[in-house]
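**Q**
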Amino acid sequence: MRFGFASAAALSSVLALGACATVTPQHVPIGAKAQAAIPSTEIVAPIKQSEIYVYVPPANANAGAGFGLVGVLVAVSVAATVDSVRQGHAEEAVKPLRNAILDFNFDDTFRAELKRSVSQVGWMHVDDARIMKDVLPANIDGAITGSKDGAVLIVVTDYHLSTDGAQLYVVTNAALYPNSDALKALQAGKAETGLKSDPANALYRNAFMYQARVPGASGDRNANIAGWSANGGEAMRKALKEAAVRIADLVQADLQDQETGKTGPAANDGSDGQIIANEEAGQLVRHGDGTLVYTAKSVH
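Throughout the sequence shown, residue numbering follows mature numbering (1 follows the signal peptide of the UniProt record, and there is no 0), covering -21 to -1, 1 to 279 in sequence.
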């Protein structure tokens, strides 16, 4: 299964920072004045889930549109039932993988990699990094205003399998928010929602995705999940560890990258992306809105 960028964008939209319906996450580089004004930074990574899941797209609820309100209500009811059944099947299918990696903690791995990598950006003056599990907008706002640091880097992340179980996706939205008077004075704009965590309030923001396929991928979900689960979930453990490293390093590099006009060969997935790095392990594509997508060529 080829995962086009349009689908990736649809999935990542559910991760909009603060869960607010505003602009689609896109690359906004941080200015030199803001860099110089950062006294210290706390990294906060909201990750709602505690285990991997299989993404199940919603059933089409538009089937009854031609039959008036009653038809729509019936269609929505049927769709909800279908969704529930399909989600139940997906939950059952992913159990062997969850059991195989029960002792693997993605949260701890990702937190450590974020702190390691972003700390290499000297002007960020990273203080600490932590995970938060309650990702409601009010709580993310509280993480910003309640921090003792002058800036807060919010890194919202989700990880899941494709519907057929063949592909792992780790999707991240990162945004740097001001928490000092000096930095707030450098904000380019102010969100109309009133949410501190609205992306429009960020000094910097971008979206990132890591994707990898199970070795020997097929159209059989159970077989694909068995592949991820084999040998104590070896392939999945490796992929999640690599995802944590790759995304953390991409955030670090992107924070320092002011060259938003970089060009390269066109991506071969039919999107507006351009290949900006192509190595033995994988390929990095920057899309038109600045989003960075890393595709692993193999799980190793």
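Each residue gets a CB set at the ideal place from its N, CA and C atoms; glycine is no exception.
Since this is a predicted model, take the numbers as computed values, not measurements.
Pull up the DSSP beta-bridge partners for Met188, would you.
**A** Val150 and Val272, per the DSSP bridge assignment.
**Q** Please work out which residues of its chain come closer than 8 Å, Cβ to Cβ, to Thr88, disregarding the five sequence neighbours upstream and downstream, and give them in chain order.
**A** Counting only Cβ-Cβ distances below 8 Å, and skipping sequence neighbours, we find Leu219, Lys220 and Ala223.
**Q** Looking at C-alpha atoms only, which residue of Ile31, Tyr183, Ile26 and Asn78 is the closest neighbour of Ala11?
**A** Nearest C-alpha to Ala11: Tyr183.
**Q** Would you kindly work out how many angstroms separate the C-alpha atoms of Gln14 and Lys112, rounded to a whole number?
**A** C-alpha separation (whole angstroms): 29 Å.
**Q** Report the residue from Ile17, Leu263 and His6 whose alpha carbon sits nearest the alpha carbon of Gly129.
**A** Out of Ile17, Leu263 and His6, Ile17 has the C-alpha closest to the C-alpha of Gly129.
**Q** Report the rounded CA-to-CA distance for Gly168 versus Ala209, giving the unit in angstroms.
**A** Approximately 50 Å, taken between the alpha carbons.
**Q** Out of Lys94, Pro157 and Ala186, point me to the one whose CA is closest to Leu165's CA.
**A** It is Pro157 whose Cα lies nearest to the Cα of Leu165.
**Q** Check for me: the beta strand (DSSP E) holding Thr124 runs from which residue to which?
**A** From DSSP, Thr124 is part of no beta strand (DSSP E) but of the alpha helix (DSSP H) over Pro116 to Thr124.
**Q** So, at 8 Å on beta carbons, what are the nonlocal neighbours of Arg109 in its own chain, with the 5 sequence-adjacent residues on each side left out?
**A** Glu21, Ile22, Val23, Ala24 and Arg90.
**Q** For Glu8, name the three-state secondary structure that DSSP assigns.
**A** Per the sequence shown, the amino acid found at residue 8 is Pro instead of Glu. Of the three classes helix, strand and coil, the one that applies to Pro8 here is coil, per DSSP.
**Q** Less than 7 Å between the beta carbons of Arg216 and Tyr273, yes or no?
**A** No.
**Q** Using a 10 Å radius around the Cβ and a threshold of 16 neighbouring Cβ atoms, would you call His266 buried or exposed?
**A** Buried, by the Cβ-count rule.
**Q** By alpha-carbon positions, which one of Val264, Val105, Glu213 and Ser197 ends up nearest to Arg77?
**A** The residue with the shortest Cα to Cα distance from Arg77 is Glu213.
**Q** Quick check on this structure: which residue in Thr136, Ser98 and Lys127 has the alpha carbon closest to the alpha carbon of Asp228?
**A** Ranking Thr136, Ser98 and Lys127 by Cα distance to Asp228 puts Ser98 first.
**Q** With a Cβ-Cβ cutoff of 7 Å, do Ala154 and Arg192 count as a contact?
**A** No.
**Q** Under a Cβ-count criterion, where at least 16 other Cβ atoms within 10 Å of its own Cβ denotes burial, should Ala79 be classed as buried or exposed?
**A** Answer is buried; the Cβ neighbour count reaches 16.
**Q** Please classify Leu162 as buried or exposed, where buried requires at least 16 other C-beta atoms within 10 Å of its C-beta.
**A** Buried.
**Q** Roughly how many angstroms lie between the CA atoms of Glu92 and Asp137, to the nearest whole one?
**A** Glu92 and Asp137: Cα-Cα distance of roughly 16 Å.
**Q** Drop a sphere of 10 angstroms on the beta-carbon of Thr151, count the other beta-carbons inside from all chains shown, and report buried for 16 or more, exposed for fewer.
**A** Answer is buried; the Cβ neighbour count reaches 16.
**Q** Measure the Cβ-Cβ separation of Thr142 and Lys175 and say whether it is below 7 Å.
**A** Not closer than 7 Å, so no.
**Q** Let me know if Ser63 comes out buried or exposed under the rule of 16 or more other beta-carbons within 10 Å of its beta-carbon.
**A** Burial call: exposed.
**Q** Going by other Cβ atoms of all chains shown within 10 Å of its Cβ, with 16 needed for buried, is Pro36 buried or exposed?
**A** Under this definition Pro36 is an exposed residue.
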